[in-house]
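S.K.:
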Amino acid sequence: MDNPNFKSGFVAIIGRPNVGKSTLLNQVLGQKIAIMSDVAQTTRNKIQGIYTTPEEQIVFIDTPGVHKPQTQLGDFMEKSAMSALDEVDAVLFLVNAEEKRGAGDNFIIDRLKTVKQPVFLVINKVDAIHPDKLLQVIDQYKDAQVDWKEVIPISALNGNNVDELLGELTKLLPNGPQYYPEDQMSDHPERFVVAELIREKIFELTEEEVPHSVAIDIEKIERVNDKKIQIQATIIVERPGQKGIIIGKGGKMIKDIGIRARKDIEALMGDRVNLKLFVKVVEGWRDKPTMLKEFGYKK
Ligand code: GDP
Ligand code: MG
Ligand code: K
Numbered sequence: 001m002d003n004p005n006f007k008s009g010f011v012a013i014i015g016r017p018n019v020g021k022s023t024l025l026n027q028v029l030g031q032k033i034a035i036m037s038d039v040a041q042t043t044r045n046k047i048q049g050i051y052t053t054p055e056e057q058i059v060f061i062d063t064p065g066v067h068k069p070q071t072q073l074g075d076f077m078e079k080s081a082m083s084a085l086d087e088v089d090a091v092l093f094l095v096n097a098e099e100k101r102g103a104g105d106n107f108i109i110d111r112l113k114t115v116k117q118p119v120f121l122v123i124n125k126v127d128a129i130h131p132d133k134l135l136q137v138i139d140q141y142k143d144a145q146v147d148w149k150e151v152i153p154i155s156a157l158n159g160n161n162v163d164e165l166l167g168e169l170t171k172l173l174p175n176g177p178q179y180y181p182e183d184q185m186s187d188h189p190e191r192f193v194v195a196e197l198i199r200e201k202i203f204e205l206t207e208e209e210v211p212h213s214v215a216i217d218i219e220k221i222e223r224v225n226d227k228k229i230q231i232q233a234t235i236i237v238e239r240p241g242q243k244g245i246i247i248g249k250g251g252k253m254i255k256d257i258g259i260r261a262r263k264d265i266e267a268l269m270g271d272r273v274n275l276k277l278f279v280k281v282v283e284g285w286r287d288k289p290t291m292l293k294e295f296g297y298k299k
């Protein structure tokens, strides 16, 4: 990317089931992909779609912490995750114009009250109501104690006002790199979880010695059979000294990291896991946008 004015950022889309989140993404992404579908709400920062133009890239993510966790994995992710809502550049709160504000909306609104990022109230399905009713719908959210950045009525289904919504988002985005290749529109959430667990074990075992200069590249997640998963990952560090620490005396450290990580991954996935770990030095990887992309990093 040589465009110095390129803008990029992360946007969370939240809203109770059936408000039209997937429809909106399909509209934005031009129906080109089947978005990550409604796989169980397992990971944090699950990427749902990536919108790229020559001027901008918006990475739409799903947000844990606004859904009740259904699984042990979901529960884990919710607990371990810093609220994704505080890490994104903007939040889209979708509501259904056809329905009254309900308990599901209130649950989300409670979380939104603490969010410091701009939150857009997006009234979807306006094609399905009489235009005279729109103000009444909006009125229901006035006392929500959320400082709506904008209130934007749209029809995700027929695309009405969706461009305007994208325009408002782009205005807010900071100048930044293109995080993902333009042909990539989704990502695999389980990679984030596995990487996160390995990273956690490294921090547990090495303490302060190998600080935040570690990246985890999940090279392979493959199902061997219905009970077993094969995972291959490379731990990327910035300096040879860090590689030494991670490998440890006679390979003891990396073995311990692997044992602990495998246990957790198995517990969370409910399958046996064969985990192969490698360590590689890539000097200054944090300054290399393409590497950040590959490792699923946002900043
Ligand atoms: P999600 O659960 O929030 O992802 O909701 P979906 O995108 O799956 O949409 C749920 C239902 O609402 C589907 O039948 C959509 O066709 C419908 N829907 C979504 N957006 C609109 C809209 O703008 N207008 C109308 N009339 N229906 C919509
Ligand atoms: Mg959906
Ligand atoms: K991420």
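Letter by letter, the sequence shown follows residues 1 to 299 in full-length UniProt numbering. From the three backbone atoms N, C-alpha and C, an ideal C-beta is built for every residue, glycine too.
#1: Mapping DSSP to helix, strand and coil, what is R16?
#2: My output table needs one value for I245: the three-state DSSP class, helix, strand or coil.
#3: Establish whether the CB of A12 and some CB of chain B are separated by less than 8 Å.
#4: By the 10 Å Cβ neighbour count, where 16 or more other Cβ atoms means buried, how is K201 classified, buried or exposed?
#5: Is it buried or exposed for L135, if we count other Cβ within 10 angstroms and need 16 for buried?
#6: Using a Cβ-Cβ cut-off of 8 Å (strictly less than) and excluding sequence neighbours within five positions of P174, which residues of its own chain qualify?
#7: Let's test the definition: count the other Cβ atoms within 10 Å of the Cβ of P54 and tell me whether it reaches 16, buried, or not, exposed.
#8: Can you tell me which residues form a DSSP beta bridge with K220?
#9: Return helix, strand or coil for N5, following the three-state DSSP convention.
#10: Given this structure, state the Cα-to-Cα distance separating A156 from D256, to the nearest angstrom.
#11: When burial is assigned at 16 or more other CB atoms within 10 Å of the CB, is D105 buried or exposed?
#12: Output the distance between the C-alpha atoms of V28 and P153, rounded to the nearest integer angstrom.
#13: Hey, V11 and I58: beta-carbon distance below 8 Å or not?
#14: To the nearest angstrom, how far is the alpha carbon of I13 from that of N160?
#15: For E98 and R16, I'd like the C-alpha separation in whole angstroms.
M.R.: Reading from the atomic positions:
#1: Looking at R16 - three-state DSSP - the assignment turns out to be coil, as it is neither helix nor strand.
#2: Reduced to three states, the DSSP call for I245 is helix.
#3: Absence of chain B from the displayed structure is noted, only one protein chain being present.
#4: Looking at its Cβ environment, which holds 16 or more other Cβ atoms inside 10 Å, K201 is buried.
#5: By the neighbour-count criterion, in which 16 or more other beta carbons inside 10 Å mark a residue as buried, L135 falls on the exposed side.
#6: Hits under 8 Å: K7, S8, G9, D89.
#7: By the neighbour-count rule (16 or more Cβ atoms within 10 Å), P54 is not buried but exposed.
#8: K220 is bridged to Q232.
#9: It is coil, neither helix nor strand.
#10: Annotation: A156 to D256 spans about 49 Å, alpha carbon to alpha carbon.
#11: Under this definition D105 is a buried residue.
#12: Roughly 15 Å between the two C-alpha positions.
#13: Remark: C-beta atoms of V11 and I58 approach each other more closely than 8 Å.
#14: Roughly 18 Å separates the two Cα atoms.
#15: Distance between the alpha carbons of E98 and R16: 13 Å.
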